[in-house]
Amino acid sequence: MSMIKVGFFQAMPFVGATLGILIAGYLSDLCIRRGVSMSSSRKAPLVIGTFLGASIVLVNFVHSNALVIAILTVAFFAQGIGSMSWAAVSEIAPRRYVGLTSSITSLAANIAAVTTPLMIGYVTQHTGNFFWALNLMGAICLVGTLSYSVLLGKLSRIEL
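The opening residue of the sequence shown carries number -8 in our numbering; numbering runs sequentially from there.
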């Protein structure tokens, strides 16, 4: 396979993530404009995106490179949808702390971005394949879905 093709296929999941981010933001704002509560409009993408992100485990069951790329693209698209946490933070943070709370949210996301490849590498090195690493990522997505669904109540601005 040529380097151009390799680069194209490596970029596909990130294109999926970018589209997920943009589509989720647009649809979330559209729901608010159409009268859906801010809480539902901001929480739905979080729940849906993190749940669909668990689709990454499907990579364990396919043998075609094209299907692996397609599944990764769908999983990254879903995680893009789930990135609506920044919009939710800006809606619920005390007005004078929106910058700080957004920064903390970004910090948490970047910590995950750094530790995820390390966890995948560690699990893969100790098990000899990606099976358990991808299952771990899927499980983390499901825990996130449960957290957003059960622990995150109605979203409303926090006043100090």
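We put the CB at the ideal spot given by N, CA and C, even for glycine.
Inset, instruction - Using a threshold of 8 Å, state whether the C-beta atoms of glycine 11 and isoleucine 62 are closer than that. - result: If you number the sequence shown from 1, residue 11 lands on position 20. If you number the sequence shown from 1, residue 62 lands on position 71. Against a cut-off of 8 Å, the Cβ pair of isoleucine 62 and glycine 11 comes out as no contact.
Legend entry - Whole-angstrom distance between valine 27 and leucine 21, CA atom to CA atom: As a working mapping, residue 21 is identified with position 30 in the sequence shown. As a working mapping, residue 27 is identified with position 36 in the sequence shown. Taking the straight line joining both Cα atoms gives about 9 Å.
Legend entry - Alpha-carbon spacing of glycine 135 relative to methionine -6, whole angstroms: Mapped onto the sequence shown, residue 135 falls at position 144. Mapped onto the sequence shown, residue -6 falls at position 3. Looking at the two C-alpha atoms, the distance is approximately 36 Å.
Inset, instruction - Consult DSSP for glycine 73 and reduce its assignment to one of helix, strand or coil. - result: On the sequence shown, residue 73 is found 82 positions in, with the first residue counted as 1. Shown here, glycine 73 sits in a helix according to DSSP, grouped into three states.
Legend entry - For tyrosine 113, the first and last residue of its enclosing alpha helix (DSSP H): As a position in the sequence shown, residue 113 is number 122, starting the count at 1. 89 to 118 is the span of the alpha helix (DSSP H), which, as asked, contains tyrosine 113.
Legend entry - 7 Å Cβ shell around alanine 8 - same chain, five flanking residues per side excluded: The residue labelled residue 8 in the question sits at position 17 within the sequence shown. Closer than 7 Å at Cβ, skipping near neighbours: Phe67, Phe68, Gln70, Gly71.
Inset, instruction - Reducing DSSP to helix, strand and coil, say where arginine 24 ends up. - result: If you number the sequence shown from 1, residue 24 lands on position 33. DSSP places arginine 24 in helix when its eight states are reduced to three.
Legend entry - Inter-stretch contact (C-beta, 8 Å, three-pair minimum) for the stretch 28 to 47 and the stretch 104 to 114: Contact fails: fewer than three Cβ-Cβ distances are below 8 Å.
Legend entry - Cβ-based burial, methionine -8 [other Cβ within 10 Å; buried from 16]: Taking the first residue of the sequence shown as position 1, residue -8 is located at position 1. Only exposed fits methionine -8, as fewer than 16 other CB atoms lie within 10 angstroms of its CB.
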